[in-house]
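Q:
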Amino acid sequence: MLTLLQTLLIETLPSDTDPILQTFIQTILPAMEREFGLIPAMGGSETAHYQTLIKQGDRYADENAKRWAAKPDQSLLVHVLNGLLTAWNLSLYLPQHRQLKEAEKRLLCLGLTLHDYNKYVRGQGEEQPPPKAHEIDAIINLCRELGEKLDFQLFWDQWRDYLLEIAYLAQNTQFSVDSNSILSNWENDERQFTIDDRRLNDILRHLLAFGDVAVHMGDPAEIITTTKGDRLQDHLDWLNIPQKLVYHRLRDCRGLITNQIHNAVVNFARQLGWNPILYFAQGAVYLTPTDVVTPDLADIQTAVWESLIRGDEENNQRGLAAYFQSGDVGFVRDGKGMKIAPQTLELFTPADLIRLLPSVVQIKVANVKSPATPKRLEKLTLTDAEKTFLLQGADIRADRLAELIILAQREFFEGSQDYIPWMLSALELQGTISPEQTQVQSGGVNYGWYQAAAHYIATHATLDEGQVEECLGKLSDRLATWAEQNNLLKANSSPTYEAFIHYLAQYLEVYPSNQPAVEFANELNTYSLAKVNNQAICSLSAGDPDAEDQLDTVVLFKPQQYSNKNALGGGRIKRGISKIWSLEMLMRQAFWTGASGKLEEQQPVFLYIFPAYVYSPQVAVAVRRLVKELKRVNLWEVRKHWLDGGMQYSGLQTLSWRDEAEIGRYGDSYSRADLPFMAMTYTTTRGKTTTDAWVEPSFLALALPTLLGVKVVATSSPDPLYASDQEFVESAKLDGAAGFWQILGINQNLRLQDLATALERLLIAYSIHLEFRSSPPDARWQALNGTARDLATDVLNVFAIANEGIRENKREPSPEDVKRIWKYAQLWITGDKKMTEKLQLIERLVKEYRQFYQVNVGESSHAVLLPLAKALEVILTVPEQIAREDVILQAAGKLNDALERQEVYKRPFLMDKSVDISTRKAQELAAIHTFMTTCVDELFLRLYKGDRALLQENRNRIKSGAEFAYRLLAAQEKQTEKTQTKGEK
1379 MLTLLQTLLI
1389 ETLPSDTDPI
1399 LQTFIQTILP
1409 AMEREFGLIP
1419 AMGGSETAHY
1429 QTLIKQGDRY
1439 ADENAKRWAA
1449 KPDQSLLVHV
1459 LNGLLTAWNL
1469 SLYLPQHRQL
1479 KEAEKRLLCL
1489 GLTLHDYNKY
1499 VRGQGEEQPP
1509 PKAHEIDAII
1519 NLCRELGEKL
1529 DFQLFWDQWR
1539 DYLLEIAYLA
1549 QNTQFSVDSN
1559 SILSNWENDE
1569 RQFTIDDRRL
1579 NDILRHLLAF
1589 GDVAVHMGDP
1599 AEIITTTKGD
1609 RLQDHLDWLN
1619 IPQKLVYHRL
1629 RDCRGLITNQ
1639 IHNAVVNFAR
1649 QLGWNPILYF
1659 AQGAVYLTPT
1669 DVVTPDLADI
1679 QTAVWESLIR
1689 GDEENNQRGL
1699 AAYFQSGDVG
1709 FVRDGKGMKI
1719 APQTLELFTP
1729 ADLIRLLPSV
1739 VQIKVANVKS
1749 PATPKRLEKL
1759 TLTDAEKTFL
1769 LQGADIRADR
1779 LAELIILAQR
1789 EFFEGSQDYI
1799 PWMLSALELQ
1809 GTISPEQTQV
1819 QSGGVNYGWY
1829 QAAAHYIATH
1839 ATLDEGQVEE
1849 CLGKLSDRLA
1859 TWAEQNNLLK
1869 ANSSPTYEAF
1879 IHYLAQYLEV
1889 YPSNQPAVEF
1899 ANELNTYSLA
1909 KVNNQAICSL
1919 SAGDPDAEDQ
1929 LDTVVLFKPQ
1939 QYSNKNALGG
1949 GRIKRGISKI
1959 WSLEMLMRQA
1969 FWTGASGKLE
1979 EQQPVFLYIF
1989 PAYVYSPQVA
1999 VAVRRLVKEL
2009 KRVNLWEVRK
2019 HWLDGGMQYS
2029 GLQTLSWRDE
2039 AEIGRYGDSY
2049 SRADLPFMAM
2059 TYTTTRGKTT
2069 TDAWVEPSFL
2079 ALALPTLLGV
2089 KVVATSSPDP
2099 LYASDQEFVE
2109 SAKLDGAAGF
2119 WQILGINQNL
2129 RLQDLATALE
2139 RLLIAYSIHL
2149 EFRSSPPDAR
2159 WQALNGTARD
2169 LATDVLNVFA
2179 IANEGIRENK
2189 REPSPEDVKR
2199 IWKYAQLWIT
2209 GDKKMTEKLQ
2219 LIERLVKEYR
2229 QFYQVNVGES
2239 SHAVLLPLAK
2249 ALEVILTVPE
2259 QIAREDVILQ
2269 AAGKLNDALE
2279 RQEVYKRPFL
2289 MDKSVDISTR
2299 KAQELAAIHT
2309 FMTTCVDELF
2319 LRLYKGDRAL
2329 LQENRNRIKS
2339 GAEFAYRLLA
2349 AQEKQTEKTQ
2359 TKGEK
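Quick note, this note's numbering runs 1378 ahead of the 1-based positions in the sequence shown.
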């Protein structure tokens, strides 16, 4: 079974990809995911680093752990994969005489795979530190061991013959003081290099070093702000590749609009001969010929705007204009009629918009079963004869005609004395309805034009909807032509375009370019001035001066929802939205098909997906494919795959992550365009609680970093919390997660080494809840807080919850059920010494009483738990002044009396006919005394501190745990007997 990352890469690699690279992804990548996936190459948990370094005897453990943890997370898997792909991509630029041969291509792959073997050793937490540079035999042996773990044999059956070269490249990838590049140190009588040392040192080492340096970068501008750029250029020069490095960077992150800007700049740069080789959350780094063409910033800005509005047909990308024209965004209809977003008025000329209205009205006015015209006619003073006639045309056709006329008048001809006569004439109603009648209105709703529309439809009753749409099209075209000929339309202007160009000038960097220095915008002063003058302030980026009042045609959330506090003696605070955020919200409406003003009701949680430092082009394409095709997660399926995978996160690899309807829909032309810099998606819920809203994104926030090595921020904020992955060090951040997250004891900020434990804990809680407290198909997530609270309180609640669910379903737990539930408990208490001891004590008690009392697991719980029930009964009922030994003897006596009333076959000691009856009886009494001693000393006095009230409170939990322990031990004993029987045969 292919892994998720492997599948995405295989599907999105170009068809002409070298077979060697394809083979590497098909054979070694899954093993790399298994071994390297949760080991940090950079960043990581300070605690985990410190514990490992102390174990390895590092004298500077504390200092080193803090230094490593201060860096943002990047897994060894992502580090190696992106470094390898970057080096591979660079090798294609080598001069003809330096092109890699087949063996060298394989060495490039394997050498870079093992180049950070020291981080792998530390990540394993072993006591033995990684070998030093001079310990060549140890390095070679470690590379051999890792090669076997990573299935090198499947990739290259001759890899052991080149083990010396692989180890040499792995050790000497970095041109640093830790290198050992003296060839004579590596060779001896038993081993010699097979590859020409000049090819090894002058080509392969520099390719590997370029890939390794590149994946340490976290920002495209580092090619000029740090020494990394100089080092990369040095390697290009050594390789005789006549290219230089340039970049673009956008110092902001809003979501879809910033991604669109990035992709537009990349497409523009390609036309200049710039080839992207690295992608970051804030931009890209390119390889260009040394005689690089310096682009003009104005040309870039124009190209970006055109791409944003008109799209890119060549790369199968739709622009905003296509969504406006289809009515998907930019228009909204409420009880008072249709409205046009201000941005729509800016993006189209008035004449174009008038001609566009028929198709928009056809889509937006869709209340076929409940047309508005009959209700509007009831508000008018009409004779019975008029009502009877008009009702013949009072349907959806009249609604559409009236909406078009009213919208056109309000937006384009308000105050015009000629519009009403012209429209009545065009409808041939000038002798039937007066201009005054068309303007009858109440509460801001025009009723008169509905009368005119109903009259027209009643007169032309044979027109079907298609013919009405055709008539509306002709009417709109005539109206636009008439208005243009008579200069009745206002000149078109676009403050949004001006704001966008200003935004690009402020935030977009292109190196090299003729970009002038930009003055720092004083956000605080701008914000303060807007407050003093009671101007509209953008609720998403308060410092933006170009803000306007929020309209429900724009925002996905409910407008003005933040305006709940007013200054004493002052009016309502004006809340607004900037032009840039208006564009962002319109894009979200368009690309996500989200209804304006409605998304908030679905309690969305946004997932912002960042690269861990950098994407190679191949990985960027793969991640984008997943984000585009990611389907709603079915947590029942998640549970099934996780259980089938042995409760390991690797079981999630087989999960159907993508929507089958979307897979392959976009083809290769799509997959190489519209790349993610910061990808984003969101989840919604049909439930009504915050818990319902957070169940799915909580899982995704852990699963995606675990399986893909990306970094994820989950938040209910529509504004990304960070502009780059370099602004936060963790692999996963959950901002404002629902209460169950805190109850489960999972940190909201998770480093790489914390992911597996957090994901395991979350899936245990989900699985227990779905199995025992749901009512399929209703998962009853609103009750998850209670499940989480029970589990966090006591591990024995695992069994209490299971018993509750099993009894409700009126069935007996199978041996598989028992093993699974017991494993839930064991995994749940990992690292919790107190709960581990409690579970072990319950198992010990059952083992002790099974020596003298055994019944069939099919019998009642009362029968199964008889000894424990008697022990608890005596402990809880005897007077407090009774001495410990007396309690033990009294309880043992009562239990012995109870056993005397049981059948002999339930008493193992009495069934042993090999010894006399008195001996058997003595053995049974001794076992009973031992059991009672454990109950009193360990359970009552030590675990529950001799507190009878506390013991009483936990009585049912103890019995639930003991019942499952009994069933588990019985199943294990039965399995052992079967194995022995087979062995004897």
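Where is the CB? At the ideal position from N, CA and C, for every residue including glycine.
(1) Secondary structure at Q1429, three-state DSSP: helix, strand or coil?
(2) Just to check, is the beta-carbon of L2086 closer than 7 Å to a non-hydrogen atom of the ligand NAD?
(3) In this structure, what does DSSP give as the bridge partners for E1926?
(4) Quick one: is R2043 buried, meaning 16 or more other Cβ sit within 10 Å of its Cβ, or exposed?
(5) Does the beta-carbon of I2295 have 16 or more other beta-carbons within 10 angstroms, so that it is buried, or is it exposed?
(6) State buried or exposed for E1482, treating a residue as buried only when at least 16 other CB atoms are found within 10 Å of its CB.
(7) Sort N1618, H1838 and D1575 by Cα distance to Q1477 and report the nearest one.
(8) So, with DSSP's three-state summary, where would you put S2076?
(9) Which whole-angstrom value describes the C-beta separation of L1650 and P1620, a residue pair presumed to lie in contact below a C-beta threshold of 8 Å?
(10) If you scan the stretch 1404 to 1490 from start to end, which runs of the beta strand (DSSP E) of 3 or more residues do you find wholly inside it?
(11) Determine whether the beta carbon atoms of H1626 and E1962 lie at a separation below 8 Å.
(12) From which residue to which residue does the beta strand (DSSP E) around V1746 run?
(13) Where does L1470 land, buried or exposed, given buried means 16+ other C-beta within 10 angstroms?
(14) Are the CB atoms of F1709 and K1742 within a distance shorter than 8 Å?
(15) Buried or exposed: where does L1785 fall if 16 or more other Cβ atoms within 10 Å of its Cβ makes it buried?
(16) Distance, Cα to Cα, L2243 vs R2285?
(17) Can you tell me whether H1493 is buried or exposed? The criterion is at least 16 other CB atoms within 10 Å of its CB, across all chains shown.
(18) Is there contact between the stretch 1540 to 1559 and the stretch 1579 to 1591, where contact requires at least three CB pairs shorter than 8 Å?
(19) Is it buried or exposed, K2212, if we count other Cβ atoms within 10 angstroms and call 16 or more buried?
(20) With a threshold of 8 Å on Cβ separation, who are the neighbours of M1379 within its own chain once the five nearest residues in sequence on each side are excluded?
(21) Could you compute how far the alpha carbon of R1412 sits from the alpha carbon of Q1552?
(22) Between A2101 and the rest of its own chain, which residues show a CB-CB distance below 8 Å, the 5 nearest in sequence each way excluded?
(23) Hey, would you say R1754 sits closer than 8 Å to V1846, going by beta carbons?
(24) If contact is defined by three or more beta carbon pairs under 8 Å, each pair taking one atom from either stretch, is the stretch 2222 to 2230 in contact with the stretch 2308 to 2322?
(25) Can you give, in chain order, each stretch of the beta strand (DSSP E) that sits fully within the stretch 2202 to 2230 and has at least 3 residues?
(26) Could you check whether M1410 and L1455 sit closer than 8 Å to each other, using their CB atoms as the reference points?
(27) Do S2094 and V1983 have their C-beta atoms closer together than 8 Å?
(28) Here's a check: name, in chain order, each residue in its chain whose Cβ is nearer than 6 Å to the Cβ of G1596, leaving out the five neighbours to either side.
(29) Can you round the beta-carbon distance between L1463 and S1994 to whole angstroms, since I take them to be within the 8 Å contact cut?
(30) Helix or strand or just coil, what does DSSP make of H1626?
(31) Check whether chain D comes within 8 Å of T2208, counting only Cβ atoms and requiring the distance to be less than that.
(32) Within its chain, find whatever has a CB closer than 7 Å to the CB of S1794; leave out the 5 residues flanking it on each side and keep chain order.
(33) Could you tell me which residues DSSP pairs with N1653 in its beta bridges?
(34) According to the neighbour-count rule (16 or more other Cβ atoms, all chains shown, within 10 Å of its Cβ), is L2254 buried or exposed?
(35) Flag this pair as yes or no: are the beta carbons of I1687 and G1771 separated by less than 8 Å?
(36) Ordered along the chain, which non-local residues of its own chain (more than five positions away) have a Cβ less than 6 Å from that of A1780?
A: This is what the structure gives:
(1) helix
(2) The ligand NAD is not among the ligands present in this structure, which contains no ligands whatsoever.
(3) I1955
(4) Unreliable positioning characterises R2043 in this predicted model, as indicated by a pLDDT of 41, which lies under 50. A coordinate reading is not provided.
(5) exposed
(6) buried
(7) N1618
(8) helix
(9) With a Cβ gap of about 16 Å, L1650 and P1620 do not count as contacting.
(10) 1418 to 1420
(11) no
(12) Premise fails: V1746 is in no beta strand (DSSP E) and is neither H nor E.
(13) exposed
(14) yes
(15) buried
(16) 14 Å
(17) buried
(18) yes
(19) exposed
(20) Q2031 and T2032
(21) 25 Å
(22) R1629, D1630, C1631, A1659 and Q1660
(23) no
(24) yes
(25) none
(26) yes
(27) yes
(28) Y1991 and Q2104
(29) 4 Å
(30) strand
(31) You won't find chain D in this structure, because it holds only one protein chain.
(32) L1866
(33) L1665
(34) exposed
(35) no
(36) W1827, Y1828 and A1831
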